[in-house]
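Here the protein sequences come in this chain order: F and U. Be aware that the first sequence starts at 45, since it is given in my numbering, and climbs by one per residue. Be aware that the second sequence starts at 5, since it is given in my numbering, and climbs by one per residue. Idealized CB from N, CA, C, for every residue including glycine. These numbers were taken from a predicted model, which means no experiment stands behind them.
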Amino acid sequence: MPEKHHFPQSERPVTEWPDEMGHFGAYGGRYVAETLMPALLELDSAYLEHVKDESFQKELYGMLKDFAGRPTPLYHAERLSKKIGGAAVYLKREDLLHTGAHKINNTLGQALLAKRMGKTKVIAETGAGQHGVATATAAAFFGMSCKIFMGTEDIRRQAPNVNRMELLGAEVIPVESGTGTLKDAMNEAMRYWVSAVRDTFYVIGSVAGPHPYPAMVRDFQKIIGEETRNQTLQEIGRLPDILVACVGGGSNAMGMFYPFADDPVRMTGVEAAGNGIETGRHAATLCAGSLGVLHGSKSYLLQDGYGQIKEAHSISAGLDYPGVGPEHALFKDSGRVEYVSITDSQALEAFEALCRTEGIIPALESSHALAAAMDMAANSGTDQVIVVNLSGRGDKDLGIVAEVSGQ
Amino acid sequence: MTRIEETFKRLKDKGEKALVGFVTAGDPDMEASLAIVSAMCENGVDILELGVPFSDPTADGPVIQRSSARALKKSMHIDGVLEITRRIRQSYRVPVIVFSYYNPIIAYGGDRFYNDGRSAGADGVLVVDLPPEESNELTEKWSKGDFCLIRLIAPTTPEDRMRMIAQNASGFLYMVSMTGVTGSGGLDTTELGDYVERVRQASDMPVCVGFGISTPSDVAAVSAVADGVVIGSAFERTIEENLENPDLAAIIGKQTAAYKEATR
């Protein structure tokens with residue numbers, strides 16, 4: 045029997061997962077066809093070997109600093125805070141990173157690992173295009189060939205990112221199946237990987253997928269929370285009261301939350317409620333989903349009673365996904381993180397508010413976190429500190445915002 | 005002796021190899037699917053694999069993706085697949101394997117699936133995205149003798165892992181001929197011989213080869229080295245090309261007979 049059965053979930057601290065099988069409590073694991081299993085086992089041992097290697101960490105840190113632009117600022121949004129009239133709102137400016145979002149933290153890490161494993165080709169799925177751009181960037185940096193799978197609907201609504209990926213030398217492969225969004229792109233990337241598994245490294249963009257991806261992506265993204273922790277201690281002399289981050293697959297939120305998981309800090313993950321959870325047109329997997337297996341791991345899913353995956357809906361392509369990382373499922377069940385949802389129109393209001401009051405154009409994904417944080421700030425005292433992970437910038441979203449505002 | 009063991013014994017005595025036929029259950033609809041499967045049974049299929057349609061079939065190529073989507077439009081789910089199994093079992097002794105992704109089985113309930121599957125007359129299951137490492141949660145209450153757990157071996161599977169998989173499998177081993185999704189081309193029958201030999205070193209179980217096999221001459225070549233041949237996408241391609249054809253079942257019957265001839 046695996047060790048986990050001897051330890052009830054509640055007795056093992058939430059930060060001490062996964063086990064060696066990739067389980068986060070009842071979630072996670074490796075649910076893939078046999079063709080991919082040897083590749084995942086190889087990746088797992090390579091990751092464990094290199095992540096402990098000092099030269100790997102040194103090389104990665106050097107790239108994050110000089111190429112990607114770390115550390116990112118922790119910015120006190122004073123005008124926004126004043127306008128809300130409650131807690132002080134701080135923004136962790138991942139939007140200022142090279143390529144415009146937190147995704148580069150992970151793609152540089154995985155591409156460096158790919159290089160050390162001797163792989164010369166990388167593939168990735170992308171929704172909003174941010175992970176695709178970040179993967180194409182890392183591939184260009186290392187001189188690797190790169191294929192990006194992207195749904196046709198996302199290609200339409202995130203056109204600037206398609207141009208960027210192609211400029212960076214990546215081949216963008218349109219995926220027409222299903223709804224032409226992130227889920228379908230991931231299906232197709234997995235199919236391609238099965239056929240090319242011997243020489244190709246699959247760069248997964250979120251804390252989802254089969255083990256070791258959820259743990260590996262978390263470890264590459266946790267620099268967000270580690271910096272935030274140091275910055276709040278230095279700048280305000282204490283830990284923040286509340287952390288807020290948006291959750292699609294959940295990588296920026298996990299990166300922000302994980303280093304604080306043992307601290308007395310309240311953490312809120314914000315899912316996309318689309319047109320409203322009651323309409324059924326949403327992407328609020330943790331708030332309104334149920335247990336299942338998709339894309340290689342067990343977690344919460346949007347599905348019908350027969351186990352068929354439902355379409356997700358969100359104005360934000362990066363949150364438009366019917367699954368969520370398994371560690372978030374554990375954090376939800378253990379009560380360590382609370383998960384709420386924000387509708388398309390609430391996110392758009394927050395988007396405009398930040399543009400006007402602070403001169404910052406946030407990604408629509410991050411605007412969901414911002415909307416929830418503004419609501420919490422309004423209901424908190426002025427001595428409270430809320431940190432929002434501003435995970436990406438919104439240039440890519442101008443088309444969709446114009447389209448929606450024009451209606 | 006299980007129906008699957010009986011089948012391989014009977015074939016061995018006759019000097020034949022097994023024709024394993026896969027179709028997505030409910031494509032293009034329940035009644036047509038029953039007619040197709042009956043035609044396969046009448047024309048010599050030795051083992052039947054009934055695919056449970058899934059919204060996100062990540063191990064399948066475009067042909068089976070589309071067949072899955074057609075069957076889902078007709079609301080075909082595990083209950084319907086077991087209904088087809090029950091009706092086939094009224095007329096035929098052919099072993100039936102339910103071929104599914106894991107999530108529909110989780111939604112149906114693993115133990116309920118085991119009980120209902122056996123009472124419908126199914127002989128086993130192949131869960132494509134459930135490796136032995138994660139399998140215990142599904143099968144720990146199942147009795148191993150009466151419901152086979154068919155498992156995949158891939159060209160990427162190392163020898164020690166083949167042995168581990170074989171120890172966790174029953175019925176036969178489903179050997180994936182190439183790294184790729186279902187319906188891919190490019191079967192290399194010379195390399196296949198060595199690969200089958202490696203699998204035989206790891207297990208005494210019958211070995212059936214699938215993926216990328218579409219013509220009777222492919223079937224003959226694979227039959228020369230393996231115990232059985234799995235045909236899936238080639239049947240689905242015929243179904244797709246004849247969706248409106250009233251003779252669809254008869255066409256599939258003829259196709260089955262041609263493949264069966266090549267296993268002799």
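- Bounds of the beta strand (DSSP E) holding U/I235 are 232 to 235.
- When the Cα atoms are used, F/T272 and U/S218 turn out to be separated by approximately 58 Å.
- Interface with chain F (8 Å Cβ-Cβ cutoff): U/L177 is excluded.
- The beta carbon of F/T179 does not come within 8 Å of any beta carbon belonging to chain U, so the residue lies off that interface.
- Of all alpha-carbon atoms in F/F68, F/L108, F/N207, F/G438, the one lying nearest the alpha-carbon of F/K266 is that of F/L108.
- Under the 10 Å beta carbon count, F/K376 is surrounded by 16 or more other beta carbons and is classified as buried.
- Taking the Cα positions, F/E402 is about 27 Å away from F/N319.
- When DSSP states are grouped into helix, strand and coil, F/I353 belongs to the strand group.
- Assigned with DSSP and collapsed to three states, F/A446 falls in helix.
- The C-alpha of U/V234 lies about 19 Å from the C-alpha of U/R202.
- DSSP, read as helix, strand or coil, puts F/S295 in helix.
- Below the 7 Å Cβ cutoff, chain U contributes A158, T160, V180, T183 as neighbours of F/T79, in chain order.
- At least 8 Å separates the beta-carbon of U/I154 from that of U/L134.
- The three-state secondary structure of U/F176, taken from DSSP, is coil.
- Between the alpha carbons of F/G269 and F/C290 lies a gap of roughly 14 Å.
- Residue pairing of F/N433 in beta bridges, as defined by DSSP: F/K136.
- Going by DSSP, F/E315 is part of the beta strand (DSSP E) stretching over 310 to 318.
- What F/Q352 touches in chain U, judged by beta-carbon distance under 9 Å, is P57, F58, S59, D60, L76, H81, N107, P108, A111, going in chain order.
- Straight-line measurement puts the Cα of U/K148 at about 29 Å from the Cα of U/V226.
- Contact annotation for F/Y246 against chain U: no contact, minimum CB-CB distance about 12 Å [criterion: below 9 Å].
- For chain U, the residues of the stretch 321 to 337 of chain F that bring a beta carbon within less than 9 Å of one of its beta carbons are S334, L335, G336, V337, in chain order.
- Per DSSP, the beta-bridge partners of F/H120 are F/Y134.
- Residues of the same chain with a CB within less than 6 Å of the CB of F/G362, apart from the 5 flanking positions on each side, are G171, A172, G292, E409 in chain order.
- Note on U/P66: under 16 other CB atoms within 10 angstroms of its CB, so exposed under the neighbour-count rule.
- Residues of chain F with a Cβ closer than 8 Å to the Cβ of U/S188 are, in chain order, S239.
- Distance check between F/Q202 and each of F/N231, F/D419, F/D364 places F/D364 closest, using alpha-carbon atoms only.
- Contact residues of the stretch 118 to 135 of chain U toward chain F are V132, D133, L134, P135 (C-beta to C-beta distance below 8 Å).
- In terms of Cβ geometry, F/A421 and F/G113 do not form a close pair [threshold 8 Å].
- DSSP, reduced to helix, strand and coil, places F/R325 within a strand of the structure shown.
- F/S221 belongs to the set of residues whose beta carbon lies under 8 Å from a beta carbon in chain U.
- With its beta carbon at least 8 Å from every one in chain F, U/E195 lies outside the interface.
- By the neighbour-count criterion, in which 16 or more other beta carbons inside 10 Å mark a residue as buried, U/S95 falls on the exposed side.
- Looking at the backbone, the Cα of F/T116 and that of F/D139 are separated by about 9 Å.
- Assigned with DSSP and collapsed to three states, F/V177 falls in helix.
- F/G253 carries a coil assignment under DSSP once its states are collapsed to helix, strand and coil.
- Residues of chain F with a Cβ closer than 7 Å to the Cβ of U/E137 are, in chain order, M65, R74.
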